[in-house]
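Taking it in order: structure first as structure tokens, then the write-up.
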Amino acid sequence: MSSKKDRMFDFKNVEELQTFITPLGKIMPAKRTGLSGREQRRLKTAVKMARQLALLSYGVQ
Amino acid sequence: MTNKIHTYQAVFLLDNEEVRKGFNQAKDWVQTCLEKHNVDVKVLRLWGERALAYPIGSRQRATYLLGWVEASGESVNEAKREMYLVGPAFRIMFLRADEIPAEEMEFGIEAIEDSAVEVPDEIEEFEMIEENVAEEASESKTEENTDEQAGEKAADSSDESEAVAAGEENKEN
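Residue numbers (the working numbering), protein chains in the order written: chain U, 1122 to 1182; chain R, 552 to 724.
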């Protein structure tokens, strides 16, 4: 069992979220982020909420 | 249907045109609208004025208002419905939360002066957009130039190859 605490993502913390986003605006896959399945799902939700609030773009135009 | 009370985190994107008229006026409108629909507003504070990651309508910038409320799902939906129809908020998001963080509770319903909110003038905002457009245009021009240069080089090389082929034909004759 891993002793690491699960990582939480806040949709307001844009700088942190941007580290998990490719230059084309896509969310990086789990094998590149190194996050667990649960953390990757949390990241996905946070990014989608940030996109909805125009804090992050949906992609390059 | 149960009307169970939950805690929500709320984010409101306010139109800068409305905020220029008075930030407190816009904030009060949001607060009264929420309270009208039995939403208990615990925290309502300015989060900042920032550029949008993508244009929403004709807007390039917006003022973000952050709040924590306690309400039933039904009253949240009603408030949201009204705010999308009228008022200064053009995008709203409610998010279920377990509890209000202590550091947020300290803010309460923040009262700040209108002058404390720095919203760029309409002209400045327009200039910012123009600058972005000019930058994008210059970038695309440089890309076109490199493409043209590549095309010219290709054309030159094809001319040379044609000339070589013609020379070889003359030699044969």
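All C-beta atoms in this analysis are idealised placements derived from N, C-alpha and C, irrespective of residue type, glycine included.
How far does the beta strand (DSSP E) with residue i in it extend, from its first residue to its last?
{"i": "valine 592/R", "result": "591 to 607"}
{"i": "valine 504/R", "result": "Limits of chain R in this structure are 552 at one end and 724 at the other, which puts residue 504/R out of reach."}
Starting from the beta carbon of residue i, find every residue of chain R whose beta carbon is closer than 8 Å, and list them in chain order.
{"i": "glutamine 1188/U", "result": "Since the displayed chain U opens at 1122 and closes at 1182, residue 1188/U lies outside it and no answer follows."}
{"i": "serine 1178/U", "result": "Ala604 and Tyr605"}
In chain U, which residues lie less than 8 Å from residue i when you measure between Cβ atoms?
{"i": "leucine 564/R", "result": "Leu1174 and Ala1175"}
Return the first residue and the last residue of the alpha helix (DSSP H) that residue i is part of.
{"i": "glutamate 625/R", "result": "624 to 636"}
{"i": "leucine 1082/U", "result": "There is simply no residue 1082/U to check, as chain U begins at 1122 and stops at 1182 in what is shown."}
Using the three-state DSSP reduction, which class does residue i fall into: helix, strand or coil?
{"i": "glutamate 621/R", "result": "strand"}
{"i": "leucine 585/R", "result": "helix"}
{"i": "alanine 577/R", "result": "helix"}
{"i": "methionine 644/R", "result": "strand"}
{"i": "serine 1124/U", "result": "Model confidence at serine 1124/U stands at a pLDDT of 46, short of 50, so the residue's coordinates are unreliable; what they give is reported in the following sentence. Coil."}
{"i": "alanine 1175/U", "result": "coil"}
{"i": "threonine 1166/U", "result": "helix"}
{"i": "threonine 1154/U", "result": "helix"}
{"i": "alanine 613/R", "result": "strand"}
{"i": "asparagine 724/R", "result": "In this predicted model, asparagine 724/R has a pLDDT of only 47, less than 50, meaning its place in the structure is not dependable; the value taken from the coordinates is given anyway. Residue state, collapsed to three classes: coil."}
Taking a cut of 7 Å between CB atoms, which residues from the region 577 to 611 of chain R lie near chain U? Leu603, Ala604, Tyr605 and Ile607
Under 9 Å (Cβ pairs) to chain R, residues found in the region 1160 to 1171 of chain U: Met1170 and Ala1171
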